[in-house]
Amino acid sequence: MPTPSSSSQPSGDRAEQCVTLAATATLPTRYGTFTSYAFRVADGDSEHLALVMGDVSNQSSVLTRLHSECLTGDVLGSYRCDCGEQLDLALRYIAAEGRGVLLYLRGHEGRGIGLSNKIRAYALQEQGLDTVEANLELGLPDDAREYDSAAAILRELKVTSVRLMSNNPKKFDTLSQHGIPVCERVALAIPVRDENERYIRTKQVKFGHYFEENE
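With UniProt numbering as the guide, the letters of the sequence shown map in order to residues 1 to 215.
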């Protein structure tokens, strides 16, 4: 496992973000006990958190979730999105297996537009726009997130390949471009609610997200 002040080395077919491990500590949770690793991204002020259960160093097929920060969903339980429920289910899956990694990617609020702009986009959605249309109406990108730093963190944790809990093809592509094979997609089957049905269908239609019928 990495030690504080260590940093990742670029690898793969794509320029890799440089991340530095700033701190590590044990984190007992309702799901079980994880080792937490706080990483800083070298080219900005971003900090990301890795929660690791079990031995993942130099291991393949590690159950992994790249989770974008979402205050309204993760903390407040908003039904406008499925983020909080995905976070909960991913941690449950890792706990059931006894091994895995969850990367909590900060700076991804509102697909990278920030909290205030996300609330502004919510107001436009109440007027009938979908999530993509609302962002564009505000003059903002439909999705400003990057996953290069996530790949760098997995490299730092010495994970050799993953089973990825995600519906987002961009995450699969980014990891593969950085030389981290995704050997399986693990679906997170979240019930569709009236409040988030359009949000989920927009992800499927406009971003090409994968969804099973029961999601």
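Ideal placement from N, C-alpha and C gives every residue a C-beta, glycine not left out.
Values in this document were obtained by computation on a predicted structure and should not be read as measured data.
Exercise. Report yes if the CB atom of Leu157 is closer than 7 Å to the CB atom of Ile180, and no otherwise.
Key: Reading the sequence shown from its first residue, position 157 is the one you call residue 157. Reading the sequence shown from its first residue, position 180 is the one you call residue 180. Contact flag unset, no.
Self-check item: Residues of its chain near Leu115, where Cβ-Cβ distance is below 7 Å and the 5 sequence neighbours each way are ignored
Solution: Within the sequence shown, the letter at position 115 stands for residue 115. Taken in chain order, the residues that qualify are Leu71, Glu109.
Quiz prompt | For Pro169, the first and last residue of its enclosing alpha helix (DSSP H) | solution = The residue you call residue 169 lines up with position 169 of the sequence shown. Per DSSP, Pro169 belongs to the alpha helix (DSSP H) from 169-177.
Quiz item: Does the distance from the C-beta atom of Ser61 to that of Arg163 stay below 7 Å?
Solution: Here residue 61 is taken as the residue at index 61 of the sequence shown, counted from 1. Here residue 163 is taken as the residue at index 163 of the sequence shown, counted from 1. Going by C-beta atoms, Ser61 is nearer than 7 Å to Arg163.
Self-check item: Member of Gly100, Phe39, Asp45 whose CA lies at the smallest distance from the CA of Gly32
Solution: Sequence index remark: in the sequence shown, residue 32 carries index 32 (1-based). Nearest option by C-alpha distance: Gly100.
Quiz prompt | Contact the segment 132-141 vs the segment 81-100: 3+ CB pairs below 8 Å | solution = no
Quiz item: Taking the C-alpha atoms as reference points, what is the distance between Ser166 and Arg92?
Solution: Your numbering for residue 166 matches position 166 in the sequence shown. Your numbering for residue 92 matches position 92 in the sequence shown. Taken atom to atom, the span from the alpha-carbon of Ser166 to that of Arg92 is near 14 Å.
Quiz item: What are the start and end residues of each continuous beta strand (DSSP E) run of 3 or more residues lying completely inside the segment 14-82, in chain order?
Solution: 19-29, 32-41, 47-53, 62-68
Practice problem: Please confirm whether Arg65 and Leu105 have their CB atoms less than 7 Å apart. | Solution: The sequence position of residue 65 within the sequence shown is 65, counting from 1. The sequence position of residue 105 within the sequence shown is 105, counting from 1. Going by C-beta atoms, Arg65 is not nearer than 7 Å to Leu105.
Self-check item: Short Cβ contact (7 Å threshold) for Phe39 with Val19
Solution: As a position in the sequence shown, residue 39 is number 39, starting the count at 1. As a position in the sequence shown, residue 19 is number 19, starting the count at 1. It is a contact, given that the beta carbons lie within the stated cut-off.
Quiz item: Cβ of Ser57 within 6 Å of any heavy atom in the ligand PLP?
Solution: Looking at this structure, you won't find the ligand PLP or any other ligand, since it has none at all.
Self-check item: Expected contact under 8 Å - CB spacing of Leu49 and Ser36 to nearest Å
Solution: To locate residue 49, count along the sequence shown from 1; it is residue 49. To locate residue 36, count along the sequence shown from 1; it is residue 36. Yes, Leu49 and Ser36 are in contact; Cβ-Cβ is about 6 Å, under 8 Å.
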